[in-house]
Amino acid sequence: MGYCMRGEGVRAFERCLSTTVPRQAQVPDTQIRQPGNSDVTEKQVDVKTIKAVFGDGTTSTYPHVWLRENCTCKSCFNSDAIARLFLIDDLCLDIRPNDAQVKGGNLHVEWSDGHLSTYTGKWLHERAFTPEARAKRRSRYMLSRHEEHDQVRSRKEGRKEKERKRPTFPIRANRPSLNRPVAHESDSKVRWGSGFQVPRLNFQSAMEEDQVLLDWLVQLEKFGVVLVEDAPTRVGTINDFIDTLGFIKSTHYGQDYEIINQITPNNLAYTGSKLGLHTDMPYYEYPPGTTWLHCIRQHEGKGGANVLSDGLNATELMKEIHPQHYATLVTTPIYFQDKGFQIYDFDKITKTTTIELDEQGKLKRLHTSSQSRDSIMDLTPEQILAFYSALKTFNNTLYEHSIEMKTKPGDILVLDNSRVMHSRTAFDPSTAKGPRHLHNAYIDWDELRSKRRVLQDKLGVSLT
Ligand SMILES: [Fe+2]
Ligand SMILES: [Zn+2]
Numbered sequence: 001m002g003y004c005m006r007g008e009g010v011r012a013f014e015r016c017l018s019t020t021v022p023r024q025a026q027v028p029d030t031q032i033r034q035p036g037n038s039d040v041t042e043k044q045v046d047v048k049t050i051k052a053v054f055g056d057g058t059t060s061t062y063p064h065v066w067l068r069e070n071c072t073c074k075s076c077f078n079s080d081a082i083a084r085l086f087l088i089d090d091l092c093l094d095i096r097p098n099d100a101q102v103k104g105g106n107l108h109v110e111w112s113d114g115h116l117s118t119y120t121g122k123w124l125h126e127r128a129f130t131p132e133a134r135a136k137r138r139s140r141y142m143l144s145r146h147e148e149h150d151q152v153r154s155r156k157e158g159r160k161e162k163e164r165k166r167p168t169f170p171i172r173a174n175r176p177s178l179n180r181p182v183a184h185e186s187d188s189k190v191r192w193g194s195g196f197q198v199p200r201l202n203f204q205s206a207m208e209e210d211q212v213l214l215d216w217l218v219q220l221e222k223f224g225v226v227l228v229e230d231a232p233t234r235v236g237t238i239n240d241f242i243d244t245l246g247f248i249k250s251t252h253y254g255q256d257y258e259i260i261n262q263i264t265p266n267n268l269a270y271t272g273s274k275l276g277l278h279t280d281m282p283y284y285e286y287p288p289g290t291t292w293l294h295c296i297r298q299h300e301g302k303g304g305a306n307v308l309s310d311g312l313n314a315t316e317l318m319k320e321i322h323p324q325h326y327a328t329l330v331t332t333p334i335y336f337q338d339k340g341f342q343i344y345d346f347d348k349i350t351k352t353t354t355i356e357l358d359e360q361g362k363l364k365r366l367h368t369s370s371q372s373r374d375s376i377m378d379l380t381p382e383q384i385l386a387f388y389s390a391l392k393t394f395n396n397t398l399y400e401h402s403i404e405m406k407t408k409p410g411d412i413l414v415l416d417n418s419r420v421m422h423s424r425t426a427f428d429p430s431t432a433k434g435p436r437h438l439h440n441a442y443i444d445w446d447e448l449r450s451k452r453r454v455l456q457d458k459l460g461v462s463l464t
């Protein structure tokens, strides 16, 4: 999408939002209504939306950005993994149809970026944004009573946030020393941006020396990322490490899992595709606290690197520079989903906001992933337009303040999954440069903070 500049697209989109009032669709009611018929029979293209009329007589309006992002073709959506391939990184907010046609009950669109999309009537009908359709879906997705509670809570939080005075944080990107005494370390989190040097420590020292392990736990809480170096390249090494800290967090992918390319992957991690900046498993009500990525073998060609960004830093920047978008991300609930088979059939769905705050209005957890954010949304078209504008701005902010690093065999990258976003650059596993092999596991913050306190008591170290 070379013509769409980051930031410029957002501004153009906002101008469009602020100056355009969508017309009411003028679709003649000339057809015979057939209950259960989800064929598209008519369409009306507006400035920011397409309105579809279905064979059962119902209608729904779909924002252009939503349609483009949720194109169902093979290059935009992986039906094996049931995950979006098209990333928010590549979405232009001012995308528009050059042409739209209704043929055979389906909607065909040629987009201004040159892409061609076909949406079946059934697919569109299942995702209708009318109040009736949204209410009907809730019983499958979440219990209605909880939905109402969530929406009231989100509105309250949004109001509180607007009223709250903005806190100020110094931005520091210094490489911390792992050798200095920790007696006077603050346990407050420290924001970082591009230029940040990830704290490193030696695997063996952390396994053998309590003081090094305590220092490492403090750095992880503070910066949200630590690189453990010189670990054995044996699958199971992170299990051994985590055993010294507490219990692994199991998920529907098991206690731990290996990330190697698969022919029919049930997760995009098992492909060579680019992954956008994301948190792991936002489709869990309680996502893993920390993500551990142990490099067993690294792809030796181009790509396969990690891009990391501090979500705490990006969230604070959003609050300072784009308060309206920040409020949207704090108050707009969206669905995440993951469905498939690993050890057993799974069908996970959560509904949450992108930015989740604690009772003090501080960042509690981020939830974002182009791969698993659901195309089904319990929002009005206007809310969807505002959401995309906010999410795109947040994504741009994350990348603008990110770092890139490529782990080597024996490295273990440990990330605070509630805060630090990670991604992977695309690589070609079929070349002579070889596949990429990572071993992945999770452990929750309950275990890590518990271990830190135990070590503090044991070593007589106060952090306050
Ligand atoms: Fe991930
Ligand atoms: Zn497509």
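For the sequence shown, counting from 1, position 22 maps to 22 in full-length UniProt numbering; every step adds exactly one. Cβ atoms here follow ideal geometry from the backbone N, Cα and C, with glycine treated the same way.
Residue interval of the beta strand (DSSP E) (run including residue i)
| i | result |
| --- | --- |
| Lys408 | From DSSP, Lys408 is part of no beta strand (DSSP E); its letter is neither H nor E. |
| Glu42 | 40-45 |
| His278 | 275-278 |
| Lys364 | 363-366 |
| Arg200 | 200-202 |
| Ser139 | Per DSSP, Ser139 belongs to no beta strand (DSSP E); it is in the alpha helix (DSSP H), 131-141. |
| Arg424 | 420-424 |
Alpha-carbon to alpha-carbon, residue j and residue i
| i | j | result |
| --- | --- | --- |
| Asp345 | Phe247 | 24 angstroms |
| Tyr62 | Asp46 | 10 angstroms |
| Gln342 | Lys122 | 28 angstroms |
| Pro181 | Ser450 | Low per-residue confidence applies at Pro181: pLDDT is 37, beneath 50, and the placement is therefore not dependable, though the value from the model is reported in the following sentence. So the alpha carbons of these two residues sit roughly 20 angstroms apart. |
| Lys48 | His64 | 6 angstroms |
| Val190 | Asn417 | 15 angstroms |
| Asp230 | Leu379 | 48 angstroms |
| Gln197 | Arg436 | 24 angstroms |
| Ser273 | Gln456 | 43 angstroms |
| Leu178 | Val226 | Any answer about Leu178 is weak, because its pLDDT of 38 lies below 50 and its placement is not dependable; what the coordinates show is given next. Whole-angstrom Cα-Cα distance: 11 angstroms. |
| Thr59 | Val40 | 9 angstroms |
| residue 471 | Leu124 | Shown here, the chain extends from 1 to 464; a query on residue 471 therefore has no answer. |
| Phe223 | Trp192 | 7 angstroms |
| Glu42 | Arg33 | 13 angstroms |
| Arg297 | Phe129 | 46 angstroms |
| Leu308 | Ser112 | 31 angstroms |
| Lys351 | Gly36 | 28 angstroms |
| His252 | Asp99 | 42 angstroms |
Residue-level contact to chain C via CB, residue i, 8 angstroms cutoff
| i | result |
| --- | --- |
| Ile355 | Going by chain labels, chain C is absent from the structure shown, which holds only one protein chain. |
Run of the alpha helix (DSSP H) containing residue i, from where it starts to where it stops
| i | result |
| --- | --- |
| Met318 | 311-321 |
| residue 485 | This structure cannot speak to residue 485, because the chain is shown only from 1 to 464. |
| His125 | 121-126 |
| Glu400 | 381-400 |
| Gln99 | Before going further, note that residue 99 is Asp rather than Gln in the sequence given. No alpha helix (DSSP H) contains Asp99, which is instead part of the beta strand (DSSP E) from 97-103. |
| Val65 | 64-69 |
| Ile242 | 237-243 |
Beta-ladder partner(s) of residue i, from DSSP
| i | result |
| --- | --- |
| Thr59 | Val53 |
| Ile334 | Thr352 |
| Asp256 | Ala441 |
| Asp345 | Phe341 |
| Ser117 | Val109 |
| Gln456 | Paired residues: none, contrary to the question. |
| Phe77 | Arg84 |
| residue 472 | In this structure the chain extends from 1 to 464, so residue 472 is not present and cannot be described. |
Closer than 7 angstroms: residue i CB and nearest ligand 2 heavy atom
| i | result |
| --- | --- |
| Cys92 | no |
| Cys295 | no |
Contact test: residue i Cβ vs ligand 1 heavy atom, cutoff 7 angstroms
| i | result |
| --- | --- |
| Asp89 | no |
| Asp280 | yes |
| Thr407 | no |
| Thr61 | no |
| Thr291 | yes |
| Pro125 | The sequence shown places His at residue 125, rather than the Pro named in the question. No, ligand 1 has no heavy atom inside 7 angstroms of this Cβ. |
| His437 | no |
| His422 | yes |
The region 197-204 / the region 373-388 touching (three or more Cβ pairs under 8 angstroms): no
Validate contact between the region 289-305 and the region 407-421 using beta carbons, cut 8 angstroms, 3 pairs: yes
Stretch pair the region 75-90 + the region 366-373: three plus CB contacts closer than 8 angstroms: yes
Segment contact, 8 angstroms Cβ cut-off, at least three pairs: the region 316-328 with the region 389-399: yes
Residues proximal to ligand 4 by C-beta, any heavy atom closer than 6 angstroms: As presented, the structure is devoid of ligand 4, carrying ligand 1 and ligand 2 as its sole ligands.
Segment contact flag, the region 230-243 with the region 422-434, C-beta cutoff 8 angstroms, min 3 pairs: no
Touching by the beta-carbon criterion (3+ pairs, under 8 angstroms), the region 86-93 and the region 125-142: no
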